[in-house]
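Before any comments, here is the structure.
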Amino acid sequence: MISSVALFKNKSGVPVSQLRYSQIIVSLQYLANGTRPNISFSVSKLARYTNCPDRTHWSALDRVLRYLKGTVSLVIHCGRFPVVLEGYSDARWIAKNSASNGCLGYVFTLCGGAVSWKSAKQTLITRYIFEAELCALDTTGINAEWLFGLLSQLPILSQPLPSIVVYCDNQTTITKVRSRKYNQKTK
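Going by the numbering used here, the first residue of the sequence shown is number 13, and it counts up by one from there.
Encoded structure:
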């Protein structure tokens, strides 16, 4: 599903095959959480409409299912060396539609393969894009600490572990984080 596809609540109030829609969403959530980080965003977005799906939701769901069918042979590859844990953080800020929140996401890779990921609706309402990116970086940092603790307890990895690098794609956020200056907006 393309991230720019707009989905809205069912205006007619009559759900179209609600039970079947919910069952498919649960199955897709299992896949997204276990082995398919590439569908996390789409599944998270579609799951918001399980209480009353309409034909547009079914169309988007069908697109995800066709994508899965076409990419069934793709797998996550993990190389052996170097053992480097990297994080990627991103946020999407919604400015025009005040009825919806933005979303945040992160993915961590170890040896080139995804080991931890999340895509979720943002719980805080932010006024600026850099605030949304800071929220995403905070969530990413919490997970980075946990993963670092887990990896440091594994005897198969060399000690000490290298630092975790977290990438962010917003220059304003990177500048704010590097400056270490805080004001009312960055509390």
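Quick reminder that beta carbons are idealized off the backbone N, C-alpha and C, glycines included.
Just so it is clear, the structure is predicted and the values come from calculations on it, not from any experiment.
| Query | Result |
| --- | --- |
| Tell me, please, which residues DSSP counts as bridged to Phe160. | According to DSSP, which records beta bridges pairwise, Phe160 is partnered with nothing at all. |
| Under 9 Å, do Ile176 and Leu159 count as touching if we go by C-beta distance? | yes |
| For Leu169, which residues of its own chain have a beta-carbon under 7 Å away from its beta-carbon, when the five flanking residues on both sides are left out? | Val95, Leu163 |
| How about Lys133 and Thr151: are their beta carbons less than 9 Å apart? | no |
| On a Cα-Cα basis, can you pick out the residue from Ser24, Phe142, Val28, Val76 that is closest to Thr184? | Phe142 |
| Does the segment 66 to 80 come into contact with the segment 48 to 58, if we say contact requires no fewer than three beta-carbon pairs (one atom in each stretch) closer than 8 Å? | yes |
| Is the separation between the beta-carbon of Glu145 and that of Cys180 shorter than 9 Å? | yes |
| Helix, strand or coil for Tyr140 per DSSP? | coil |
| To the nearest whole angstrom, what separates the beta carbons of Asp66 and Val38, a pair I think is in contact under 8 Å? | No, Asp66 and Val38 are not in contact; Cβ-Cβ is about 19 Å, not under 8 Å. |
| Quick check: what's the CA-CA separation for Ser182 versus Tyr61? | Note on identity: in this sequence residue 182 is Asn, with Ser being the wrong assignment. The straight-line gap from Cα to Cα measures roughly 30 Å. |
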